[in-house]
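These notes concern the structure reproduced below.
Residue numbers (the numbering used here), protein chains in the order written: chain A, 2 to 439; chain B, 8 to 151.
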């Protein structure tokens, strides 16, 4: 058993090494390139994208849906595991909260990138129409951002107080900031009760809000008269998909953080095993909804839907479709069913497969449907019959992903990535009142 | 755009090249342009759709598509006055639709569009003929 001091030492944030700085520089360069492309897009208009009148949503939207889906990880791990009293979540929740916050913030930003007139953003609020799914989205995204922030912030308070004390001598400036951010946390009984209650309320709220977020995202599609979107399956399909995408992202980050920060003592094989089982459950549920979404309609598909399904299964989008189904869903399920598959390294690879598969899956949901309108595509240039993102779209999308990674990296840099207080409490090392007495 | 099952809307992906039509202003007695006062010039970064040329209606003229068609296939009018015209003849809309079996596209969706179609009758020439020089999308000269 480690004593309290070593735990604090192990879990306090680390300065960036050479690798860390290189990583940050790469991310910032990617973001700057994306920013330049975005400014160009504002000046020239959306014609710099390969979106046109038929393919009017492209990777900006599919990337947005991906971010929304990934943000579900907060609800999934933190709230659900909390309500089901799964104690193994402790070293993983902070990472999940960080991913969740970064993803939902980036989702809000990504949807703005798709707007051709961001200057009229305020109209979304001023002229909001409650019957419009867009308005539902405008309401739920800020709500989710606020809740995700609180879900990260409230549990981190005791740790901030610990960091304040930890840095008191070595880095007084840091210490001051942590002190301010910890909102004068002393660990008193009143504070603890208040914090406990607040977290409970947030954890309870984040589940319906998370589910609503995914569902509204699905309704953005299913409220349109479009083959492939106009489906009653959409809500549940999106929720289960978000379950998979979020857990996949969590596993990738848990592996990387454990390796880079050398946290093998805290994040054990057992955690990976549990996460793996959790992901298998998510994958199987998602597989079930995929069967409902793609396989069952084949039996009753009308002519138009038949054309749509055929381009997915054997046509233009077959490669991407089967890639996202097999690499992003079926293979991970098979690998994780075996105990050996739930060890850290295979899990990391599976996590990557799931995340990449999930990203392309969103592309498969958005693009092919738009290219199969009810009335045949006529009177437009040949290039409008197809869609593949332009350089601008790629650069900007990569920048948004880089920005999400940057937010995550910076939060990991400055926050204890594993809850210190909780870990210590669970190991029953020191009474917290004692620590903070001085 | 995504919600329209008829794919009828278009988007101004870049600065719209509309020539003289971009000069049109409606002068709706100080009213701000809004969906109720259509017919404003296209604006970059916003969607458009055919609004049946309110700027010509205002001058008691027919929409351009009606006056431009040499075969007079387009009829335009007011549903509530039950009157349509192609510039040569004026007919009762209800009677026309009944006589010539008018229909609307995708009636089953329940979107109740205001555009009716008449099925082809008395075709004199095969439609396939005369398409040798037809170039999709370039068949109409664009205003410079």
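Where is the CB? At the ideal position from N, CA and C, for every residue including glycine. Since the structure is predicted, the reported quantities are computational estimates derived from the model, not experimental observations.
Looking at the strands, I want to know which residues DSSP matches up with residue 84 of chain B.
B:91
Assumed close pair residue 85 of chain B, residue 99 of chain B - CB separation to whole angstroms, cut-off 8 Å
That pair is no contact at about 11 Å.
Where residue 63 of chain B meets chain A, residues with beta-carbon distance less than 8 Å
Going along chain A, no residue has its Cβ under 8 Å from residue 63 of chain B, so there is no contact; the nearest lies around 23 Å.
For a test of the three-state rule: what should DSSP assign to residue 389 of chain A, helix, strand or coil?
coil
Can at least three beta-carbon pairs, one atom from the region 259-266 of chain A and one from the region 218-232 of chain A, be found at a separation below 8 Å?
no
So which residues on chain A does residue 51 of chain B lean against when the C-beta distance must stay under 7 Å?
46
Find the nearest neighbour of residue 200 of chain A within the set A:340, A:313, A:94 and A:345, judged by alpha-carbon distance.
A:94
What residue from A:146, A:96, A:291 and A:225 has the CA that sits closest to residue 414 of chain A's CA?
A:96
Check the DSSP bridge columns for residue 99 of chain B and list the partner residues they point to.
B:90
Tell me residue 420 of chain A's beta-bridge partners as DSSP assigns them.
BP columns for residue 420 of chain A are empty, so no partner.
Cβ closer than 9 Å: which chain A residues qualify as neighbours of residue 116 of chain B?
226 and 375
Coil, strand or helix - residue 443 of chain A by DSSP
As shown, chain A starts at 2 and ends at 439. That puts residue 443 of chain A outside it, with no answer to give.
Secondary structure, alpha helix (DSSP H): runs of 4+ residues fully inside the region 136-222 of chain A:
173-182
From the DSSP output, in three-state form, read off residue 18 of chain B for me.
strand
First and last residue of the uninterrupted alpha helix (DSSP H) at residue 362 of chain A
345-371
What does the alpha-carbon distance come out to for the pair residue 58 of chain A and residue 363 of chain A?
12 Å
Along the chain, where does the alpha helix (DSSP H) that runs through residue 45 of chain A open and close?
19-45
At a Cβ threshold of 7 Å, is residue 57 of chain A touching chain B?
yes
Mind pulling the chain A residues with CB within less than 7 Å of residue 22 of chain B?
46
So, using beta-carbon positions, are residue 74 of chain A and residue 251 of chain A closer together than 7 Å?
yes
Proximity to residue 179 of chain A [Cα-Cα], best of A:319, A:194 and A:163:
A:163
Is any beta-carbon of chain A found at less than 7 Å from that of residue 12 of chain B?
yes
Reference residue 116 of chain A, options B:52, B:139 and B:61, closest by Cα:
B:52
To which residues of the same chain is residue 31 of chain A closer than 7 Å at the C-beta, ignoring the five residues directly before and after it?
399, 400 and 403
In the DSSP assignment, what residue or residues form a beta bridge with residue 54 of chain B?
B:18
Below 7 Å on C-beta distance, what does residue 54 of chain A contact in chain B?
17 and 18
For residue 236 of chain A, report the span of its alpha helix (DSSP H) as first-last.
235-261
Tell whether a beta-carbon distance below 7 Å holds between residue 81 of chain B and residue 93 of chain B.
yes
Own chain residues within Cβ distance below 8 Å of residue 374 of chain A, not counting five before or after
55 and 227
Alpha carbon to alpha carbon, how far is residue 9 of chain B from residue 113 of chain A?
17 Å
Between residue 1 of chain A and residue 245 of chain A, which are expected to be in contact by the criterion C-beta below 8 Å, what is the C-beta distance as a whole number of angstroms?
Any answer about residue 1 of chain A is impossible in this case: the structure gives chain A only from 2 up to 439.
Do you know how far the Cα of residue 120 of chain A is from the Cα of residue 308 of chain A?
39 Å
Please name the residue in B:114, B:78 and B:119 whose C-alpha comes closest to that of residue 130 of chain B.
B:78
Taking 6 Å as the line, does the beta carbon of residue 336 of chain A fall inside it for any heavy atom of the ligand ADP?
In terms of ligand content, the structure shown is empty, and the ligand ADP therefore cannot be addressed.
Residue-level contact to chain B via CB, residue 118 of chain A, 7 Å cutoff:
yes
Of the residues B:102, B:104, B:138 and B:14, the one placed nearest residue 56 of chain B, counting alpha carbons only
B:14
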